[in-house]
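Heads up: the structure comes next, in structure tokens.
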Amino acid sequence: MNNLKWYYPETIREATDLISKEKVIPHASGTNLLLRNLKKINGFVNLSNLPLHYTKKEDNEIEFGSMLTYNEIISELKKIDKENILVKSLINSADTPLRNRITIGGSIALAPPWSDIIGALLILDAKIILAGKNKGEFLIEEFLNTPKLKQKSLITGIKFKLSKWKTFSYRNIRTKKDMPAFHIVEMLKINKHKIQDCKIIVTGTVNRYDQIIKVENYLKNKTINSIDFSKIEQLVNVKFSGKRFTDPEYSSKLAGIEVSRGIKKLVGI
Amino acid sequence: MKEKFIINGKEKYLTFDADERLVTSLRNNGFKEVKNGCLEGECGACMILLDDKPVHSCQIFTASVINKNIQTVKGIGDLHFPHIIQNAFVEAGAVQCGFCTPGFIIAAYALLKENSNPTENEIKRAIDGNLCRCTGYVKIIDAIKNASKTIQKEKVEL
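Quick note, the sequences are listed as chains A and B, same order. Its first residue numbered 5, the first sequence is counted upward by one per residue in our numbering. Its first residue numbered 313, the second sequence is counted upward by one per residue in our numbering.
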């Protein structure tokens with residue numbers, strides 16, 4: 005055993021002071037930290053006593069504390085917006101006991117390629133609320149692409165706007181308990197048989213995630229009966245690494261088919 | 313480290329290392345009913361209730377849950393006073409080698425406490441964190457359905 009130390013702060017200020025120490029890191033639920041080389045860590049800051057188990061709803065915006073678990077988020081969000089893309093993305097993630105443990109903050113801090121939450125947060129233009137050195141609110145995209153934002157900072161919450169867009173989520177898995185090879189999220193705004201707006205994101209690609217702008221542009225202002233679904237398959241063209249689960253070319257082809265199937269489902273064909 | 317936990321309704325002090333997993337601490341401190349299976353959060357043999365929620369105890373650092381409420385399968389019922397759910401498992405033939413059974417009982421208990429009349433899909437979802445290599449799950453699902461019927465008939469509060 006090494007000299008790993010545990011800290012139990014009760015205020016956010018205390019917690020951010022602690023994580024500014026050398027090799028002292030936040031511990032949300034720890035399911036990933038169990039896999040780390042603990043010899044390289046001096047201490048864990050246990051976040052469970054902090055006031056980060058909360059839900060706030062104001063007008064059309066919802067905010068979740070970072071220590072809410074996947075199952076708590078699903079249950080809270082289902083009460084007000086059961087079709088929300090975050091509900092659809094998380095409901096089949098991992099399994100019941102893991103969803104009772106994995107927190108939204110820990111998940112965002114880690115953001116592995118197989119994450120089920122990142123696509124949904126990107127498509128929702130969610131904001132990450134940070135305390136500590138980089139205190140402030142940041143769009144999820146900026147947070148993911150600016151690694152220094154994580155340094156000596158603590159995720160305290162997320163917020164996003166609720167919408168009436170139609171939503172679709174697809175996890176590419178071999179068995180129910182698998183981590184997904186890739187995850188597709190789609191949101192469509194449809195009015196009188198016409199697609200007014202749409203957003204499509206695939207996570208788990210070589211770029212970590214890709215917004216499928218070519219398909220989005222193709223679909224915008226198109227009437228439902230004029231959509232060529234085989235064209236959507238061709239336009240997707242995302243790249244996958246050869247190191248993960250399956251053949252990257254196959255995954256790429258499959259992603260095209262599944263994006264197209266998702267659109268079909270959303271427009272009711 | 314030596315810290316306090318509430319285990320099966322009683323205050324207990326566990327001795328453990330700072331990097332130890334809860335399954336190991338529980339077993340090292342006498343709670344052998346918590347089975348050590350895969351240590352990867354896949355099989356559910358180590359399942360316990362943590363503040364009434366089913367979790368894999370192999371996926372938790374002991375130090376991260378000090379002072380919390382922990383319930384093992386023996387806190388639900390034991391050989392002398394088996395719970396309705398445990399009886400239902402025996403009667404349905406849902407126990408073969410028995411290694412996974414404590415985890416399944418925990419998952420079933422958590423489900424039936426929240427929803428005493430679950431659908432088959434809700435049962436399947438509730439046990440999605442548990443693996444059984446013997447029974448093929450049919451009898452386990454039957455057992456949970458039977459336990460649900462008994463709980464409703466006898467108006468039992470879990």
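All residues carry an ideal CB built from backbone N, CA and C; glycine is no exception.
- In this structure, T462(B) sits near A400(B), with a CB-CB distance shorter than 8 Å.
- Within the DSSP secondary-structure output, G47(A) pairs in a beta bridge with K9(A), V28(A).
- With contact defined as three or more Cβ pairs closer than 8 Å, the segment 394-414 of chain B and the segment 441-457 of chain B are in contact.
- Contacts with chain B (Cβ-Cβ distance below 7 Å) from the segment 88-105 of chain A involve D99, T100, P101, L102, N104, R105, listed in chain order.
- When the five nearest sequence neighbours on each side are left out, the beta carbons in the same chain lying within less than 6 Å of the beta carbon of L223(A) are those of I199, C202, in order along the chain.
- Assigned with DSSP and collapsed to three states, C355(B) falls in coil, not helix or strand.
- Residue contact with chain A for D440(B): present (Cβ-Cβ distance below 8 Å to some residue of chain A).
- With respect to chain A, the C-beta atom of I372(B) has a partner C-beta closer than 8 Å.
- Here DSSP, grouped into helix, strand and coil, assigns R175(A) to strand.
- Contacts with chain A at 8 Å (Cβ-Cβ) include K365(B).
- Taking a contact as a CB-CB distance under 8 Å, the pair E14(A) and N53(A) counts as one, their CB atoms being some 5 Å apart.
- Contact between the segment 144-157 of chain A and the segment 56-72 of chain A is absent: fewer than 3 CB-CB pairs across the two stretches fall below 8 Å.
- For N429(B), no beta strand (DSSP E) encloses it, and the DSSP letter there is neither H nor E.
- Residue-level contact check: S245(A) does not touch chain B, since none of the beta carbons of chain B fall below 8 Å from its beta carbon.
- Look at A375(B): its C-beta is under 8 Å from a C-beta on chain A.
- DSSP, reduced to helix, strand and coil, places L443(B) outside both helices and strands of the structure shown, so it counts as coil.
- For W118(A), no chain B residue has a Cβ inside 9 Å of its Cβ, as the nearest lies near 14 Å away.
- Note on D99(A): 16 or more other CB atoms within 10 angstroms of its CB, so buried under the neighbour-count rule.
- The continuous alpha helix (DSSP H) containing S79(A) extends over residues 74-85.
- Chain-ordered, the chain B residues with CB closer than 7 Å to the CB of W10(A) read A330, A375.
- Proximity of G353(B) to chain A, defined by a Cβ-Cβ separation below 8 Å, is satisfied.
- Spatial neighbours of P394(B) in its own chain (CB-CB distance under 8 Å, excluding positions within 5 residues in sequence) are listed in chain order as V402.
- Scanning chain B for C-beta atoms nearer than 9 Å to the C-beta of T15(A) yields nothing, as the closest lies near 18 Å away.
- Looking only at I231(A), T209(A), A19(A), the smallest Cα-Cα distance to D251(A) is reached by T209(A).
- DSSP places F244(A) in the coil class of the three-state scheme, outside both helix and strand.
- Listed as beta-bridge partners of Q383(B) by DSSP are L361(B).
- Under the 8 Å Cβ criterion, the segment 77-93 of chain A does not count as touching the segment 41-48 of chain A, having fewer than three qualifying pairs.
- V450(B) sits exposed, since fewer than 16 C-beta atoms from the chains shown fall within 10 Å of its C-beta.
- What S52(A) touches in chain B, judged by beta-carbon distance under 9 Å, is S376, V377, K380, going in chain order.
- The beta carbon of R445(B) sits no closer than 8 Å to any beta carbon of chain A.
- Around the beta carbon of L39(A), fewer than 16 other beta carbons lie within 10 angstroms, which makes this residue exposed.
- Within a 10 Å sphere around the beta-carbon of T374(B) sit 16 or more other beta-carbons, which makes this residue buried.
- Non-local C-beta neighbours of V335(B) in its own chain, meaning closer than 7 Å and more than five positions away in sequence, comprise V346, N348, C358, S369, C370, ordered along the chain.
- Among the residues of chain B, those whose CB is under 8 Å from the CB of G34(A) are Q371, I372, F373, S376, following chain order.
- For the segment 172-205 of chain A, the residues whose beta carbon sits under 8 Å from a beta carbon of chain B are, in order, K180, K181.
- For G161(A), the uninterrupted beta strand (DSSP E) segment begins and ends at 157-165.
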